[in-house]
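S.K.:
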Amino acid sequence: MFKKIILALLALSTLLSAAEVNWAKDYDSGIVAAKSENKPVLFIISRDSCKYCIKLDNETLKDPKVVKELNENFIAIRSWTNEGDYIPPFLAQNTPGLPGIWFLYPNGDPMYQPLLGYLKASDFFGALKTVEAEFKKNNSKGK
């Protein structure tokens with residue numbers, strides 16, 4: 004019986020840890036990884052006192068489907084405005100609200116204008132699939 008409880012706890016901890024986005028340590032290391040792995044970048048500008056940043060974190064970025072997609076096909080980077088994290092000036096100047104959700108090419112150039120605010124997991128997942136398809140299409144053209 005004890006063995007079954009231990010196995011169940013291990014299985015549960017695996018499921019819980021699987022629902023975490025693998026965030027890059029910082030912007031620079033994320034861009035290096037994106038170039039190395041040839042993946043698009045999800046770059047989120049947040050603030051820990053921002054209601055919709057917290058909601059995005061606690062709901063959308065915990066959704067197993069979203070987490071799996073991000074961890075397999077993107078390099079995820081998060082910068083906190085209140086912690087003095089590096090935010091490229093162009094992105095900072097062109098993010099009129101938080102959270103600011105950018106999709107970037109591996110060189111750091113924006114693919115689109117930012118998404119602003121909270122997105123439900125289903126909408127966010129749809130955006131990820133659109134970005135992934137566009138990235139693959141542009142890569143096949145040599146971009």
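Residues in the sequence shown are numbered from 4 upward in steps of one, following this note's numbering. Glycine included, C-beta positions come from ideal geometry on N, C-alpha and C.
Please identify the residue among 108, 51, 61 whose C-alpha is closest to the C-alpha of residue 33.
M.R.: In the sequence shown, the residue the question calls residue 33 occupies position 30. For the residues 108, 51, 61, the minimum Cα distance to residue 33 belongs to 108.
S.K.: Should the region 92 to 100 be regarded as contacting the region 61 to 80, the criterion being three or more beta carbon pairs within less than 8 Å?
M.R.: no
S.K.: In chain order, what residues of the same chain lie with their CB nearer than 6 Å to the CB of residue 74, ignoring the 5 residues before and after it?
M.R.: Here residue 74 refers to the residue found at position 71 of the sequence shown. Once the five neighbours on either side are set aside, the close Cβ partners of residue 74 are 25.
S.K.: With respect to the alpha helix (DSSP H) encompassing residue 33, which residues constitute its N-terminal and C-terminal limits?
M.R.: The count along the sequence shown starts at 1 and reaches residue 33 at position 30. Start and end: 30 to 40.
S.K.: Quick one, are the C-beta atoms of residue 147 and residue 76 less than 8 Å apart?
M.R.: Because the chain in this structure spans residues 4 to 146, residue 147 falls outside the shown range and cannot be described.
S.K.: Would residue 138 pass as a contact of residue 43 if the rule is Cβ separation under 8 Å?
M.R.: Within the sequence shown, the letter at position 135 stands for residue 138. Within the sequence shown, the letter at position 40 stands for residue 43. Less than 8 Å separates the beta-carbon of residue 138 from that of residue 43.
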